[in-house]
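Peer 1: Chains as they are written, first to last, in the numbering used here: chain A, 1 to 339; chain B, 1001 to 1120; chain C, 2001 to 2255. Quick reminder that beta carbons are idealized off the backbone N, C-alpha and C, glycines included. Here the structure is a predicted model, which is why all the values come from computation and not from measurement.
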Amino acid sequence: MTWLSNDLVERLRDVASRPELASDRYVILRPIGRGGMGSVYAARDEQLGREVAIKVSNAAAPADDLDQRLRQEARVLARLEHPGIVPVHDAGLLDDGRWFYVMKLVRGETLADHAAALEHEAARLVIFERVAETVAFAHAAGIVHRDLKPSNVMVGQFGEVLVLDWGVARVLARAEEEKAASARTTDRHSNNSMSGTSGGTRMGTAGFMAPEQADGDSSNAGPPADVYALGALFFWMWTGRAAPADVNDISRRLGAASPAPSKRLAAIIRKCLSRAPTDRYASATELMDDLARYRQGSSVSAHRETTMERAGRWLVRYQTFVLLVLAYLVMRVAFAFLR
Amino acid sequence: MKKPVIGLLLGAVLGAFDGLTALGTPEVASEIVGIVIGSTIKGIVVGALVGWYAYRVQSLSKGLLVGLVVAAFFAFLVAAIPQPNGHHYWVEIMLPGSIVGLIVGYATQKFGQGRGIAVR
Amino acid sequence: MTSAARAAGGLRYACRVIPFPATRRSVIERIRGADAEVRRTAFGDLAAGYWRPSYHYLRLHWRLTPEAAEDVVQAFFTVAFEKGYVERYDPSKAKFRTFLRTCLDRFVQNTQKAERAEKRGGGVDRLSLDFPGAEQALAELAASDLRDLDRFFRDEMIRALFERAVDDLRRTCEESGKAALFRVFERHDLAPSPDASYATVARDLDLTVSQVTNYLHGARRRFRELALGHLHSLCGTDEEYRLEARELFGVEVDP
């Protein structure tokens, strides 16, 4: 029997695990990571002379469910041209007929690893708004991510923020078409394969998954499900933990955070994390609008202010003006006293 | 609302108020009507000028400086007029007047519609 | 290879695609089956896959002499078959290899209590195993970390599995008249130092680079198929096989 050294065993594992591409354009360099659906490798594009990332499905055979999902992911990414979404350069077939796609190689760290740099509200807000903006763009294009979480957000070397892993994304228009077609043909077994999953499938990550997804109804998860996940992400940025199901727990943990978010910001987070989808923002765009109002010092829809709170906010927002008027009044009073 | 209009209105209000504070000076209290009218007109002129500047130049620091200088100048002109008792109220007129100029300068830079740009 | 793959600029293999053997079932399924021949074959696969890890384990962890370790290995698999050790396996408690290693530990303890290893016939042939070869390989394993015995046993199981897959690949390539496929694989992937380029291999074996690429892809895929086949026969359940396949090759198999 052939004797294999430790090095040879490792080498054989590596080469046997590598995807075999059907052309010579891309040369696999090294594995980068592995998820439930697919594995990502760094590769070299010999035609353009640059490094890229290649994602292949973990399917054992072509046309498996995992393989189709990878194809779907590539198509979704190709539709979404946005600075916050990794661009797809190419797609094709492996030697064995499975799908792969080629995308930009992103160098940076996930939000989960980047947490230490998020000490201040300003830093958290910047990152979060970029994620929300990316998701809002996707919602406007009729696509729901369905698996937002810290490990699916990457902060690049130059501070760019990217939302990754659109493997379980749902194309809303296609889902509606398939539903309508299913209703017309009375085919109860219509497969929503191109819109996502068939009913009763649980997709997402615990702690960041909307209640309707956790109940196994991922096929009907719309933009509010992403809003929930965004709220959970923001909650995580403040507390370092996944969001609890109990609203009181959410408030308590936000209050215990150091530093704690302001009342209006905490209200925005709580609104995102509402159990009922109708109680949340209808889309990431609405969330973005409220965040913009928050940054400008205006009132937000998530929080009903008392008169005192409104006055305080107004004073903070126009503090320079208020100080100048106060200075004038103090001067006038001072002159009156001196006289 | 355009910046010159904001400047004009704010200048008028602050000018009138500034004039009314003369009631605290018994020596000139009898002249209060004239003081208020004059102060209001001064405020309108200062506000219009500072507002016009803010309409053309978007710079908070420059707007504050222009507000200060213009208001101080007009306050100087007023303070240079001797009062019935022969005194000149240089400090009592120029200092608060200059601060009013700062207030108008700030407000016209921050609010109102500039040239081609809508500013909340 | 699918027609889609060909249309996508896929490679044309110069060799005939080697048919994949019938899907193997887990060892438990086969050993618990009614067919006596299937049971014997399953046990043979079990012994073939685990004898070397067991031998190395006995030599390094139990510090048995080569002769004692050889006797224990032979006796263990014989007795395990006779007494139906494997049929007592409960997947909910541990992985199959952990169960097997535990059985081996107990067997050694019982054997050491007795004065000599018992060798029984029982309808199972004495295994023809390359103990000298296993002993030679021991030198490289002397520095192994034995703090995690389960990991050590697993690593040895994988080594033995790969060795069988390589031997099977050589044999099947030669039988199908495609020895060149294996030569390329051997020259590139089994070379002691991993610096052979495709061009170097092509020059050395008097092939084109394109042929080297083709053969290498084919051989690697075939190697993976053979290794997965052997792996399936060494796992206690289909679920265990699925998890092991994922960890080993990053593929999701459908047992």
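Checking contacts by CB at 9 Å: is phenylalanine 2162/C closer than that to chain A?
Peer 2: Here residue 2162/C refers to the residue found at position 162 when the third sequence is read from its first residue. Judged by the 9 Å Cβ criterion, phenylalanine 2162/C is in contact with chain A.
Peer 1: Between alanine 169/A and valine 144/A, how many whole angstroms is the CB-CB distance? I'm expecting something under 8 Å.
Peer 2: Counted from its first residue, the first sequence places residue 169/A at position 169. Counted from its first residue, the first sequence places residue 144/A at position 144. Sure, about 6 Å apart at Cβ, within 8 Å.
Peer 1: What three-state label does DSSP hand leucine 29/A in the structure shown?
Peer 2: On the first sequence, residue 29/A is found 29 positions in, with the first residue counted as 1. Three-state DSSP puts leucine 29/A in a strand.
Peer 1: Does DSSP put glycine 49/A in a helix, a strand or coil?
Peer 2: Translated into positions along the first sequence, residue 49/A becomes position 49. If DSSP states are grouped into helix, strand and coil, glycine 49/A belongs with coil.
Peer 1: Quick one: which chain A residues come within Cβ less than 8 Å of valine 1100/B?
Peer 2: Working through the second sequence from its first residue, we reach residue 1100/B at position 100. Within chain A, the residues near valine 1100/B are Tyr328.
Peer 1: Check whether the Cβ atoms of leucine 2228/C and leucine 8/A sit closer than 9 Å, and answer yes or no.
Peer 2: Here the question's residue 2228/C lines up with position 228 in the third sequence. Here the question's residue 8/A lines up with position 8 in the first sequence. No, these two residues do not count as a Cβ contact at 9 Å.
Peer 1: In whole angstroms, give me the CA-to-CA distance for glutamine 213/A and threonine 205/A.
Peer 2: Locating residue 213/A in the first sequence gives position 213, counting from the first residue. Locating residue 205/A in the first sequence gives position 205, counting from the first residue. So the two alpha carbons sit approximately 9 Å from each other.
Peer 1: Are there 16 or more other CB atoms within 10 angstroms of the CB of proline 19/A, so buried, or fewer, so exposed?
Peer 2: Here the question's residue 19/A lines up with position 19 in the first sequence. Proline 19/A is buried by the Cβ-count criterion.
Peer 1: For valine 364/A, I'd like the list of residues in its chain whose CB is within less than 8 Å of its CB, leaving aside the five on either flank, ordered along the chain.
Peer 2: The shown model of chain A, from 1 to 339, leaves out residue 364/A, and the question about it has no answer.
Peer 1: Return helix, strand or coil for cysteine 2235/C, following the three-state DSSP convention.
Peer 2: For the purposes of this step, residue 2235/C is identified with residue 235 of the third sequence, where counting begins at 1. Reduced to three states, the DSSP call for cysteine 2235/C is coil.
Peer 1: Which stretch, first to last residue, makes up the beta strand (DSSP E) that contains methionine 103/A?
Peer 2: Against the first sequence, residue 103/A aligns to sequence position 103. 99–104 is the extent of the beta strand (DSSP E) around methionine 103/A.
Peer 1: Pick from Val27/A, Asp90/A, Arg280/A: whose alpha carbon is nearest that of alanine 229/A?
Peer 2: Locating residue 229/A in the first sequence gives position 229, counting from the first residue. Of the candidates Val27/A, Asp90/A, Arg280/A, the one whose C-alpha sits nearest the C-alpha of alanine 229/A is Arg280/A.
Peer 1: Can you tell me the Cβ-Cβ gap for leucine 2149/C and arginine 2101/C, rounded? I've got them flagged as a contact below 8 Å.
Peer 2: Taking the third sequence and counting its residues from 1, the one referred to as residue 2149/C is at position 149. Taking the third sequence and counting its residues from 1, the one referred to as residue 2101/C is at position 101. Yes, they are in contact, since the Cβ atoms of leucine 2149/C and arginine 2101/C sit about 7 Å apart, within 8 Å.
Peer 1: Who are the neighbours of valine 325/A on chain B, taking C-beta pairs under 7 Å?
Peer 2: By 1-based counting over the first sequence, the position of residue 325/A is 325. Going along chain B in sequence order, the residues near valine 325/A (Cβ under 7 Å) are Ile1103.
Peer 1: Counting Cβ pairs, one atom from each stretch, are 3 or more of them under 8 Å apart for the segment 2080–2088 of chain C and the segment 2172–2180 of chain C?
Peer 2: No contact exists between the segment 2080–2088 of chain C and the segment 2172–2180 of chain C.
Peer 1: If glycine 108/A and glycine 156/A are in contact, beta carbons under 8 Å, what's the gap, nearest whole angstrom?
Peer 2: Within the first sequence, the letter at position 108 stands for residue 108/A. Within the first sequence, the letter at position 156 stands for residue 156/A. About 4 Å separates the two Cβ atoms, so the contact holds.
Peer 1: Would alanine 1012/B count as contacting chain A if we go by Cβ distances under 9 Å?
Peer 2: Taking the first residue of the second sequence as 1, we reach residue 1012/B at position 12. No, no contact with chain A.
Peer 1: In chain order, what residues of the segment 1020–1033 of chain B put their CB closer than 8 Å to some CB of chain A?
Peer 2: Correct list: Thr1021, Gly1024, Thr1025.
Peer 1: Does the Cβ-Cβ distance between glycine 84/A and threonine 134/A come in under 9 Å?
Peer 2: Stepping through the first sequence from its first residue, residue 84/A is reached at position 84. Stepping through the first sequence from its first residue, residue 134/A is reached at position 134. Yes.
Peer 1: Compare the Cα-Cα distances from valine 126/A to each of Ser283/A, Val325/A, Ala302/A, Val161/A and report the closest residue.
Peer 2: In the first sequence, counting from the first residue as 1, residue 126/A sits at position 126. That would be Val161/A, whose Cα lies nearest to the Cα of valine 126/A.
Peer 1: Could you confirm whether any beta carbon from chain A is found closer than 9 Å to the beta carbon of valine 2166/C?
Peer 2: Within the third sequence, the letter at position 166 stands for residue 2166/C. Yes, valine 2166/C lies at the interface with chain A (some Cβ there is under 9 Å from its Cβ).
Peer 1: When the distance is taken between beta carbons, is alanine 1079/B closer than 9 Å to glycine 1047/B?
Peer 2: In the second sequence, residue 1047/B corresponds to position 47, counting from 1. In the second sequence, residue 1079/B corresponds to position 79, counting from 1. No.
Peer 1: For isoleucine 1081/B, count neighbouring C-beta atoms within 10 Å of its own C-beta (all shown protein chains included) and say buried if the count is 16 or more, exposed if not.
Peer 2: Taking the second sequence and counting its residues from 1, the one referred to as residue 1081/B is at position 81. The residue in question, isoleucine 1081/B, is exposed, as its Cβ has fewer than 16 Cβ neighbours within 10 Å.
Peer 1: So that I know if they touch, is there some Cβ in chain A lying closer than 9 Å to that of threonine 2023/C?
Peer 2: Taking the first residue of the third sequence as 1, we reach residue 2023/C at position 23. Its pLDDT being 47, under 50, threonine 2023/C is placed unreliably by the model, and the measurement read from it follows with that caveat. So, not an interface residue.
Peer 1: Does the distance from the C-beta atom of glutamate 51/A to that of leucine 94/A stay below 9 Å?
Peer 2: As a working mapping, residue 51/A is identified with position 51 in the first sequence. As a working mapping, residue 94/A is identified with position 94 in the first sequence. In this structure, leucine 94/A does not lie closer than 9 Å to glutamate 51/A by Cβ.
Peer 1: Does any C-beta atom of chain A lie closer than 9 Å to the C-beta of proline 1084/B?
Peer 2: Mapped onto the second sequence, residue 1084/B falls at position 84. No, proline 1084/B lies away from the interface with chain A (no Cβ there is under 9 Å from its Cβ).
Peer 1: Compute the beta-carbon to beta-carbon distance between threonine 2237/C and serine 2054/C, rounded to the nearest angstrom, for a pair I have assumed lies under 8 Å.
Peer 2: Residue numbering aside, residue 2237/C sits at position 237 when the third sequence is read from its first letter. Residue numbering aside, residue 2054/C sits at position 54 when the third sequence is read from its first letter. So it is not a contact: roughly 21 Å between Cβ atoms.
Peer 1: Going by CA-CA distance only, name the one from Ala16/A, Arg25/A, Val15/A, Arg98/A that's closest to glycine 38/A.
Peer 2: One-based indexing of the first sequence puts residue 38/A at position 38. Of the candidates Ala16/A, Arg25/A, Val15/A, Arg98/A, the one whose C-alpha sits nearest the C-alpha of glycine 38/A is Arg98/A.
Peer 1: Could you check the C-alpha separation between alanine 401/A and leucine 1008/B for me, to the nearest Å?
Peer 2: The shown model of chain A, from 1 to 339, leaves out residue 401/A, and the question about it has no answer.
Peer 1: According to DSSP, what are the bridge partners of leucine 340/A?
Peer 2: Because residue 340/A is not part of the residues shown, which for chain A are 1 to 339, the question remains open.
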